[in-house]
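As structure tokens, the structure follows; a few thoughts come after it.
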Amino acid sequence: MKQNRLFNHSRGRLAAYYAGTMGLILALCGLAVYEMTAQDHWRSLDQELTSLAGTLHDALEPLLAQPGTLAPEVRAIIPNLCQVAQPCLPVKPVHTHLLNASQQPGYYIRFFDLEGNLLAQAGENPPGLPFERRSTRHGPLMDQAGNRYHQASLALKNRWGQPWGYLKVGRSLAEYEAHLRAIQLFLALGLPVTLGLAGIVGWALAGVAMAPVYRSYEQLRQFSADVAHELRTPISAIQATVETTLGAEHSLEEADGTLEIIQRQNRRLIHLIQDLLLLSRMELGGSAVIPRRPCCLKDLVNDLAEEFAGLALAGGITLQAEIIAPDPVWSLGNEDHLYRLVGNLLSNALQYTPRGGRVTLRLQREKQRAILTVQDTGIGIAPSEQERIFERFYRPDSARSRQTGGAGLGLAIARAIAVRHGGSLGVTSQPGQGSVFTLTLPLCQR
Ligand code: ADP
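Using the working numbering, you'd call the opening residue of the sequence shown number 637 and step up by one each time.
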């Protein structure tokens, strides 16, 4: 297949389509997974900050009094809290579950008065972070250094229910963004690698899928070449005969001779075309090919033995028919085709058996099958040729095969007939000792 440009091109295109489709599917899946991961992460970040802010809000509100002023008790809850324009007091270690998150790097807690002025803050101190009245649920905040933060914001009331100011709890998005960047890198590097692998797999799969098509294509090409070759011989002979005859003076006898040559070659052509038509009809497999009629195989064997007796006698060969079955043996099918099949085996056997040899036609019955064998003591067939002789136009390159002048279609037609009848045809042979062709056919009841 590699040498054929058309097949190679198609194989390459199939592999490219496969890789392209796989790439598109994977890219879409990758994008969907990335979006889901990012949203999931963002949601859990938001929930964490909202719940921390809510807990602080509930704990702080009973402690708040004067708007814009933080009572010292607040430090009991947020020990690392620094008031604006006041020195930060040393932190007393407090082990409450609530404040664990706020004391981790990247987190901050900030208090604003009602005008949005910063009053105090704990944890990270992002420079120049703008005051944002609402939570940043739909987009992050950015400080002067370009670092981004997610923030939850709550309005605070004092213990009498009057507005006091705002509580902001935020977290740096550095870790979140690093995680997303890692996924992006994985997808960006993974996609071309996957595309390459899909291309290689696509190339291999296209090769496997196209192998039977290529085999058929090669067979068809070989078949066309063989048909052309077989047709050329009789047509060239007719052409040569006509060319030498045209324009010359001929006696009646010479003209008869010329016409006989043309007739012979014409018959050869008709025979060849009929064989080709029969073979193609057999292989296409229409029901018209095999009328379903019971055929008596015993009669078939006796008729054939009778028909070929003269030929055997002329060739100095003993032809023997053996029927090893007490009851009638019936098979469903086309009698003419079966006659032709076995006749072809017999004529080959007589043709390839030297004078003094023996040809045996045997019919046996075995369970639900009829077994018909044609055995000869002829030249035999080399093991490497035994399967190939059933191919169309195949003839071993032996001097004897060439002498017979057949087109090499006989056994191909014989096997096609056997297969169309639900049977099989095979050969075993020893070069120099002879061959046994075995035909099996399913039996039927009359
Ligand atoms: P053809 O007889 O027209 O050449 P076939 O398809 O009948 O075509 O046979 C194909 C080839 O198989 C023959 O050319 C011959 O070489 C070989 N062959 C067939 N039958 C026998 C046989 N009984 N003994 C030896 N060779 C055989």
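Yeah, the Cβ is synthetic: ideal placement off N, Cα and C, and Gly gets one too.
Since the model is a prediction, treat every value here as computed from it, not as a measurement.
Here's a check: name, in chain order, each residue in its chain whose Cβ is nearer than 7 Å to the Cβ of Ala655, leaving out the five neighbours to either side.
Leu831, Ala834, Gly835, Gly838
Can you tell me which of the three DSSP states Arg868 falls into?
helix
Compare the Cα-Cα distances from Leu949 to each of Leu685, Thr989, Met778 and report the closest residue.
Thr989
Just the C-alpha distance for Gln1022 and Gln956, rounded to the nearest angstrom, thanks.
24 Å
Which two residues bound the contiguous beta strand (DSSP E) that contains Ser887?
First-last for Ser887: undefined, no H or E at that position.
Determine the closest residue to Ala814 out of Cys931, His677, Gln639, Ala941, with distance taken between C-alpha atoms.
His677
Quick check on Ser923: buried or exposed, where buried means 16 or more other Cβ atoms within 10 Å of its Cβ?
With a pLDDT of 49 at Ser923, under the threshold of 50, the modelled position of this residue cannot be trusted; read the value that follows with caution. Result: exposed.
Beta-carbon within less than 6 Å of Gln787's beta-carbon, same chain only, minus the 5 sequence neighbours each way: which residues are those?
Thr772, Leu777, Lys804, Gly806
Sorted by chain position, which residues of the same chain lie with C-beta nearer than 6 Å to Val978's C-beta, five sequence neighbours on each side aside?
Leu940
Could you tell me if the beta carbon of Leu912 falls within a distance shorter than 7 Å of some heavy atom in the ligand ADP?
no
Can you find a heavy atom of the ligand ADP that lies under 7 Å from the Cβ of Pro1078?
no
Outcome for Ala1052 when other beta-carbon atoms lying within 10 angstroms are tallied against a minimum of 16:
buried
Output the residue ranges of the beta strand (DSSP E) runs that lie fully inside the segment 936-980 and measure 3 residues or longer, sorted by chain position.
954-960, 966-969
Reduced DSSP category for Gln739 - H, G, I as helix; E, B as strand; rest coil
coil
Report yes or no: do the segment 968-987 and the segment 928-945 share at least 3 C-beta pairs separated by less than 8 Å?
yes
Measuring alpha carbon to alpha carbon, tell me which of Ser916, Leu999, Tyr812, Asp911 ends up nearest Leu1079.
Leu999
Considering only DSSP beta bridges, list what Tyr744 is partnered with.
Gly759, Gly806
Nearest-angstrom Cα distance between Arg1056 and Val878?
42 Å
Report yes or no: do the segment 843-854 and the segment 665-673 share at least 3 C-beta pairs separated by less than 8 Å?
no
Are there any heavy atoms of the ligand ADP lying less than 7 Å away from the beta-carbon of Gly993, as far as the coordinates show?
no
Quick one: is Asn794 buried, meaning 16 or more other Cβ sit within 10 Å of its Cβ, or exposed?
buried
If you draw a straight line from the alpha carbon of Asp1012 to that of His886, how long is it in whole angstroms?
48 Å
Out of curiosity, what's the CA-to-CA distance linking Ser1060 and Glu1002?
14 Å
Excluding five sequence neighbours on each side, which residues of the same chain lie with their C-beta closer than 7 Å to the C-beta of Arg904?
Pro870
With DSSP as the reference, label Ser923 as helix, strand or coil.
Here the model assigns Ser923 a pLDDT of 49, short of 50, so the residue's position is not dependable, and the following value carries that caveat. Correct three-state label for Ser923: helix.
Just how far apart, CA to CA, sit Gln820 and Glu811?
14 Å
Since Thr1064 is in the beta strand (DSSP E), which residue starts that stretch and which ends it?
1060-1066
Is Ser1060 near the ligand ADP, judged by its Cβ being under 7 Å from some heavy atom?
no
Could you pull out every residue in the same chain whose Cβ sits closer than 6 Å to the Cβ of Glu958, ignoring the five residues on either side in sequence?
Arg998
Quick one: is Ile714 buried, meaning 16 or more other Cβ sit within 10 Å of its Cβ, or exposed?
buried
Three-state secondary structure (DSSP) at Glu1002?
strand
Tell me which residues share the same chain as Leu706 and place their Cβ nearer than 7 Å to its Cβ, disregarding the 5 neighbours each side in the sequence.
Gln719, Phe747, Leu755, Ala756
Nearest neighbour of Gly1046, chosen from Tyr975, Ser646, Pro1067, Glu760 [CA to CA]:
Tyr975
Span of the beta strand (DSSP E), counted from its first residue to its last, around Cys932:
929-932
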